[in-house]
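Novice: Chains as they are written, first to last, in my numbering: chain G, 34 to 496; chain W, 52 to 308.
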Amino acid sequence: MVKPQKAVASFDSATGMLRALSRFLRDRDVPMLGQAPGALEPVAAAVAGAAARLPRAAKEKAYAVSGWAEAVPLRRVPEIRSQELARWVSGHYPRGPYPVAFVGSSNGALVHLAAALRAPWLPQTLLLPVRRRGVGPDDPQGDLRATRAAGEALLAANPDLVLHHMHDANQDRLMIAGMTYFRVKWRRLPEAYRRFLEESLPAGGTLVVPECGLRWPVTRVGPRYVFQHGALGGATREEYEHGGPRVAGYLSRYGAGRERWDYPPADGESPEAEWGFEPELLADLEELAARNGWRLARMRFSEPEDLSPVVADLYRDWYQRRGLPGDRLLVECFLLLEPWWALRSGSVPYWMVFNAEQSHARAMAYLDGADPFDEIRLMLFSHGVESVGLAGVGDWRRLLERARKVGVFTGVDTRTYPRDFAGLIRAHRELSRIRTTYPMPLPLEWEAAEEFLGKREEIDWSG
Amino acid sequence: MPLESLVHTALGMKLAVWRSHGPGPAVVCVHGAGVSSRELLPFVRAMGATHDAWSLDLPGFGRSEKPRAPLTLTALADTVADWLAASGLERPCLLGGSFGCQVAVDVAARHPGAAGALVLVGPTVDARGRSPARLVGQWLRNSVRESPRMLPLNVADYVDAGPRQVLASFGTSMRDRIEDKLPHVTVPALVVRGGKDRMVSQAWAEEVTRLLPRGRLVVMDGLPHMVPYKDPEGLAREVAAFLQTAFLQTALLEAEW
Numbered sequence: 034m035v036k037p038q039k040a041v042a043s044f045d046s047a048t049g050m051l052r053a054l055s056r057f058l059r060d061r062d063v064p065m066l067g068q069a070p071g072a073l074e075p076v077a078a079a080v081a082g083a084a085a086r087l088p089r090a091a092k093e094k095a096y097a098v099s100g101w102a103e104a105v106p107l108r109r110v111p112e113i114r115s116q117e118l119a120r121w122v123s124g125h126y127p128r129g130p131y132p133v134a135f136v137g138s139s140n141g142a143l144v145h146l147a148a149a150l151r152a153p154w155l156p157q158t159l160l161l162p163v164r165r166r167g168v169g170p171d172d173p174q175g176d177l178r179a180t181r182a183a184g185e186a187l188l189a190a191n192p193d194l195v196l197h198h199m200h201d202a203n204q205d206r207l208m209i210a211g212m213t214y215f216r217v218k219w220r221r222l223p224e225a226y227r228r229f230l231e232e233s234l235p236a237g238g239t240l241v242v243p244e245c246g247l248r249w250p251v252t253r254v255g256p257r258y259v260f261q262h263g264a265l266g267g268a269t270r271e272e273y274e275h276g277g278p279r280v281a282g283y284l285s286r287y288g289a290g291r292e293r294w295d296y297p298p299a300d301g302e303s304p305e306a307e308w309g310f311e312p313e314l315l316a317d318l319e320e321l322a323a324r325n326g327w328r329l330a331r332m333r334f335s336e337p338e339d340l341s342p343v344v345a346d347l348y349r350d351w352y353q354r355r356g357l358p359g360d361r362l363l364v365e366c367f368l369l370l371e372p373w374w375a376l377r378s379g380s381v382p383y384w385m386v387f388n389a390e391q392s393h394a395r396a397m398a399y400l401d402g403a404d405p406f407d408e409i410r411l412m413l414f415s416h417g418v419e420s421v422g423l424a425g426v427g428d429w430r431r432l433l434e435r436a437r438k439v440g441v442f443t444g445v446d447t448r449t450y451p452r453d454f455a456g457l458i459r460a461h462r463e464l465s466r467i468r469t470t471y472p473m474p475l476p477l478e479w480e481a482a483e484e485f486l487g488k489r490e491e492i493d494w495s496g
Numbered sequence: 052m053p054l055e056s057l058v059h060t061a062l063g064m065k066l067a068v069w070r071s072h073g074p075g076p077a078v079v080c081v082h083g084a085g086v087s088s089r090e091l092l093p094f095v096r097a098m099g100a101t102h103d104a105w106s107l108d109l110p111g112f113g114r115s116e117k118p119r120a121p122l123t124l125t126a127l128a129d130t131v132a133d134w135l136a137a138s139g140l141e142r143p144c145l146l147g148g149s150f151g152c153q154v155a156v157d158v159a160a161r162h163p164g165a166a167g168a169l170v171l172v173g174p175t176v177d178a179r180g181r182s183p184a185r186l187v188g189q190w191l192r193n194s195v196r197e198s199p200r201m202l203p204l205n206v207a208d209y210v211d212a213g214p215r216q217v218l219a220s221f222g223t224s225m226r227d228r229i230e231d232k233l234p235h236v237t238v239p240a241l242v243v244r245g246g247k248d249r250m251v252s253q254a255w256a257e258e259v260t261r262l263l264p265r266g267r268l269v270v271m272d273g274l275p276h277m278v279p280y281k282d283p284e285g286l287a288r289e290v291a292a293f294l295q296t297a298f299l300q301t302a303l304l305e306a307e308w
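1) Can you tell which of G:L118, G:G267, G:G175 has the C-alpha that lies nearest to the C-alpha of W222 of chain G?
2) From W:E55, W:M98, W:S138, pick the residue whose C-alpha is nearest to that of A61 of chain W; which is it?
3) When the Cα atoms are used, what is the spatial distance from W373 of chain G to A183 of chain G?
4) Does DSSP put A165 of chain W in a helix, a strand or coil?
5) With a cut-off of 8 Å on the beta carbons, I'd call Y348 of chain G and V381 of chain G a contact; round off their distance for me.
6) Taking the alpha-carbon of R109 of chain G as reference, which of G:P162, G:S55, G:R410 has the nearest alpha-carbon?
7) Thinking C-alpha only, which one of G:H198, G:Y296, G:L146 is nearest F485 of chain G?
8) Identify the continuous alpha helix (DSSP H) that holds G282 of chain G and give its terminal residues.
9) Which chain W residues are close to R452 of chain G, counting only those with a beta carbon under 8 Å from its beta carbon?
10) Strictly below 8 Å CB to CB, what residues from chain W border K92 of chain G?
11) Under 8 Å by Cβ, that's how I've got Y283 of chain G and S420 of chain G pegged, so tell me the actual separation to the nearest angstrom.
12) Going by the CB atoms, is the gap between G85 of chain W and D208 of chain W shorter than 9 Å?
13) Given that Q253 of chain W touches chain G, what residues does it touch there, using C-beta distances under 8 Å?
14) In chain order, which beta strand (DSSP E) runs of at least 3 residues are fully inside the segment 75-110 of chain G?
15) Does chain G have any CB closer than 9 Å to the CB of V309 of chain W?
16) Give the DSSP bridge partners of H59 of chain W, in chain order.
17) Less than 7 Å between C-beta atoms, sequence neighbours within five positions excluded: which residues of the same chain meet that for F247 of chain W?
18) Residue ranges of each beta strand (DSSP E) run of no fewer than 3 residues wholly in the segment 232-298 of chain G, ordered along the chain?
19) Ignore the nearest five residues each way along the sequence and tell me which others in R161 of chain W's own chain have a CB closer than 7 Å to its CB.
20) What residues in the segment 54-80 of chain W have a beta carbon less than 7 Å from any beta carbon of chain G?
21) Restricting to runs no shorter than 3 residues, where is the beta strand (DSSP E) found entirely within the segment 219-278 of chain W?
22) Could you pull out every residue in the same chain whose Cβ sits closer than 6 Å to the Cβ of G71 of chain G, ignoring the five residues on either side in sequence?
23) If I'm right that K281 of chain W touches S198 of chain W with Cβ under 8 Å, what's the distance once you round it to whole angstroms?
24) So with Cβ pairs under 9 Å, would you call K438 of chain G a contact of chain W?
25) What residue from G:K39, G:S138, G:A81, G:R361 has the CA that sits closest to A436 of chain G's CA?
26) Buried or exposed for V144 of chain G, please, with buried defined as at least 16 other CB atoms from any protein chain shown within 10 angstroms of its CB.
27) Since V105 of chain G contacts L155 of chain G with CB under 8 Å, what's their CB separation in whole angstroms?
28) Give the C-beta separation of E404 of chain G and K438 of chain G to the nearest angstrom, bearing in mind that I take them to be a contact with Cβ-Cβ under 8 Å.
29) Kindly indicate if chain W contains any beta-carbon less than 9 Å away from that of T449 of chain G.
30) Within the same chain, show all residues whose beta-carbon is closer than 8 Å to that of R165 of chain G, passing over the 5 residues directly before and after it, in chain order.
31) Give, in chain order, every residue of the segment 173-195 of chain W whose Cβ lies closer than 7 Å to some Cβ of chain G.
32) Could you please give me the residues that DSSP links to T213 of chain G through a beta bridge?
33) Within the continuous alpha helix (DSSP H) that includes M397 of chain G, where are the two ends?
34) Are T239 of chain G and R328 of chain G touching if we call contact CB-CB under 9 Å?
35) How would you list, in chain order, the residues of chain G whose beta-carbon sits under 9 Å from the beta-carbon of R261 of chain W?
36) Touching or not, the segment 247-266 of chain G and the segment 295-314 of chain G, by the rule of three or more beta carbon pairs under 8 Å?
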């Protein structure tokens, strides 16, 4: 059997959010992305900072090797057991009682909502990186051919999972050099989740199901197996399918020897692999809620970043009710999340799904509609690729200039971005040095939060 | 613009003054502890391309007259304020470098109306780092990133001022509680920090900006403490951009009154 912590990617949205929130519920911040003791942070920051000055090719190799190193060998994939994964996930959290719990889509803004309420969130989706050899990053069909049998074996051993095999030759270029992305979603509620909820959510509590409605073009491989063409980020669905000038330019920059990608023909859409919600899980959740006397509330939204302005406004309102200025904004990116420091520094959290132009545009639109902030801090995830649709340092500077007083990059080395892996460590280090901090508040009451959220048109509530 | 070298009198002391007379509003520079205008002259030249740029040697430093005993911070600030009043300049921008920021803030807090705007480049001394050992450590860590061509200028300055003045200025710098005065600076203020400045931490530069009612922070990537010497043109651009909006804001505020 493969140990869950070895099977699951640690540099992924779901696990990054799981670590951030579970550490928060244990009154801890997130140094080193929660991956290593905080005491190592100064050393790691120095080492990573020195490594950031390596030549570009060496840094790209380092990204690829780091991805490969945490991937599971192909032949061991059938040994992965979903029940073990669920036990490992739920084991992160202290047992309740909690007034509310979340089960469903991964979302950075949701993590802040859960932190404000001091409530747990159990992800529906996990990423299982799988090693494979001999397939270039721009060859999606080759990727599917090389790993399909392993995917089918994984599903045969785990009837409660759906497999979203995804291939993003744009943003994951370096990572998929030596591995492929198996994202699995639970279609049935795993036993460990059920037990955790029953032990932690008393009768009368609310079970909230965050359901992101994002869908993406796929090729259906089997009844529970889809192959996803690209991912949400800088490139559009059309660019993955049919190419275009930006894709051609990107492929020529990386000397790929082709003008577009050759995905197998798409034959439909499916919940997006990383963020989308697979509704089959609802039946088990409804049954469990009814049996335990919980109210089940479905929290539906169209795209991941729909929640970001809502939660940001909720925080600002909450700060102002507590008599704090609420004049600091912390813009977070992907798995760079700091719920503990957001609250201690009195910062309004605004989460971006990734570092591409559309996230930049939505963050700017949020600032257009919000009262000005005195301070804006920006953490940027560095994925190592000059990918299609990447927002540049100049774009981010324009966002920071919206601050009345202090608009600063937090942990970003603007000269090496987006090949700035030291930023993953420095982000926390710099954020934790912030002065003028506030005591950790009592949890936000679920009733107050629900009333606030219920008025927002970005969310469709039912139940 | 050619650089003019002048001698003026303020509070009865002779001051060495430099000027590069560009067309825009006046910017008056005040140097750091133990040093003089020498390190600021490249910036005065750059700023003089667009603005009326000045730099003063404080009494006891560089080519200015030596008082019998080193002046206190208050006395240094009063001298600058007196010079400003006599200069006929219309609410100029006062730019401090390092310890010069402490002088500039003291002027702005105690002589309202003397300056129309402040620029604080590398404001010292971090309220959490006021110990001689820490300052020496920070100075050493920072010095590896400074231009080696600045070293002979520093030596000449220390010789000019003499050890007593130099040490006294470091002591004055460390005792001054700048954080108490910042909230009383009512004019627009730009805080500039070199991204690699080891004497002025990011957290402290942010705190200084936060405490200034009309503060704004600019971080110049990759630069050490002595931004005016390392990148005079870059700093001149930042100051020009700041003054454009600052004077506009002030005009709007005054129109409201």
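Beta carbons: idealized from backbone N, C-alpha and C, even for Gly.
Specialist: Reading off the structure:
1) Working through the first sequence from its first residue, we reach residue 222 of chain G at position 189. Reading off the sequence, residue 222 of chain G comes out as Leu, not Trp. Looking at the Cα atoms, G:L118 is the closest of the given residues.
2) Stepping through the second sequence from its first residue, residue 61 of chain W is reached at position 10. Out of W:E55, W:M98, W:S138, W:S138 has the C-alpha closest to the C-alpha of A61 of chain W.
3) The residue you call residue 373 of chain G lines up with position 340 of the first sequence. The residue you call residue 183 of chain G lines up with position 150 of the first sequence. Roughly 39 Å between the two C-alpha positions.
4) Walking along the second sequence from the start, residue 165 of chain W turns up at place 114. DSSP places A165 of chain W in coil when its eight states are reduced to three.
5) In the first sequence, residue 348 of chain G corresponds to position 315, counting from 1. In the first sequence, residue 381 of chain G corresponds to position 348, counting from 1. With 8 Å as the limit, Y348 of chain G and V381 of chain G qualify as a contact, their Cβ atoms being about 5 Å apart.
6) Here residue 109 of chain G refers to the residue found at position 76 when the first sequence is read from its first residue. With distances taken between Cα atoms, R109 of chain G lies closest to G:P162.
7) Counting from 1 along the first sequence, the entry for residue 485 of chain G is found at position 452. Checked all of G:H198, G:Y296, G:L146; the closest Cα to F485 of chain G is G:L146.
8) Taking the first residue of the first sequence as position 1, residue 282 of chain G is located at position 249. Looking at the DSSP string, the run of the alpha helix (DSSP H) that includes G282 of chain G is 278-286.
9) If you number the first sequence from 1, residue 452 of chain G lands on position 419. None at all; the shortest Cβ gap to chain W is about 16 Å.
10) The residue you call residue 92 of chain G lines up with position 59 of the first sequence. Within 8 Å Cβ-Cβ: nothing; K92 of chain G doesn't reach chain W, min ~19 Å.
11) Here residue 283 of chain G is taken as the residue at index 250 of the first sequence, counted from 1. Here residue 420 of chain G is taken as the residue at index 387 of the first sequence, counted from 1. Going by Cβ atoms, the distance from Y283 of chain G to S420 of chain G rounds to 7 Å, so yes, they are a contact pair.
12) Sequence index remark: in the second sequence, residue 208 of chain W carries index 157 (1-based). Sequence index remark: in the second sequence, residue 85 of chain W carries index 34 (1-based). Yes, Cβ-Cβ distance for D208 of chain W and G85 of chain W is below 9 Å.
13) Here the question's residue 253 of chain W lines up with position 202 in the second sequence. The contacting residues are V441, E463, R466.
14) none
15) Past the boundaries of the shown model lies residue 309 of chain W; chain W is included only from 52 to 308, so the question cannot be answered.
16) To locate residue 59 of chain W, count along the second sequence from 1; it is residue 8. According to DSSP, which records beta bridges pairwise, H59 of chain W is partnered with W:L66.
17) Translated into positions along the second sequence, residue 247 of chain W becomes position 196. Before going on, a small fix: residue 247 of chain W reads as Lys here, not Phe. R196, G273, L274, P275, listed in sequence order.
18) 239-245, 248-255, 258-262
19) If you number the second sequence from 1, residue 161 of chain W lands on position 110. The answer, listed in chain order, is A128.
20) none
21) 240-245, 266-271
22) One-based indexing of the first sequence puts residue 71 of chain G at position 38. Cβ within range, chain order: P64.
23) Along the second sequence, read from residue 1 onward, the residue named residue 281 of chain W stands at position 230. Along the second sequence, read from residue 1 onward, the residue named residue 198 of chain W stands at position 147. Correct: roughly 6 Å between the Cβ atoms.
24) One-based indexing of the first sequence puts residue 438 of chain G at position 405. Cβ-Cβ to chain W under 9 Å: yes for K438 of chain G.
25) As a first step, residue 436 of chain G is located in the first sequence; it is residue number 403 there, counting from the start. Checking every option, the nearest Cα to that of A436 of chain G belongs to G:R361.
26) Locating residue 144 of chain G in the first sequence gives position 111, where the first residue counts as 1. Buried, since its Cβ has 16 or more Cβ neighbours within 10 Å.
27) On the first sequence, position 72 is the one that residue 105 of chain G refers to. On the first sequence, position 122 is the one that residue 155 of chain G refers to. That belief does not hold up - the Cβ atoms of V105 of chain G and L155 of chain G are roughly 22 Å apart, past 8 Å.
28) Here residue 404 of chain G refers to the residue found at position 371 of the first sequence. Here residue 438 of chain G refers to the residue found at position 405 of the first sequence. In the sequence as presented, Glu is not what sits at residue 404 of chain G; that position holds Asp. 14 Å between Cβ atoms; not a contact.
29) Indexing the first sequence from 1 puts residue 449 of chain G at position 416. Not one chain W Cβ lies under 9 Å of T449 of chain G.
30) Residue numbering aside, residue 165 of chain G sits at position 132 when the first sequence is read from its first letter. Answer for R165 of chain G: L107, D176, A179, T180, G211, M212, T213, listed in chain order.
31) When CB distances to chain G are screened at a threshold of 7 Å, not a single residue of the segment 173-195 of chain W falls below it.
32) Residue 213 of chain G sits at position 180 when you count from the first residue of the first sequence. Answer by DSSP bridge pairing, in chain order: G:V163.
33) The count along the first sequence starts at 1 and reaches residue 397 of chain G at position 364. Taken as a continuous stretch (DSSP letters only), the alpha helix (DSSP H) holding M397 of chain G covers 390-402.
34) On the first sequence, residue 239 of chain G is found 206 positions in, with the first residue counted as 1. On the first sequence, residue 328 of chain G is found 295 positions in, with the first residue counted as 1. Yes.
35) If you number the second sequence from 1, residue 261 of chain W lands on position 210. Under the 9 Å cutoff, chain G gives D407, E408, K438, V439, R468, T469.
36) yes
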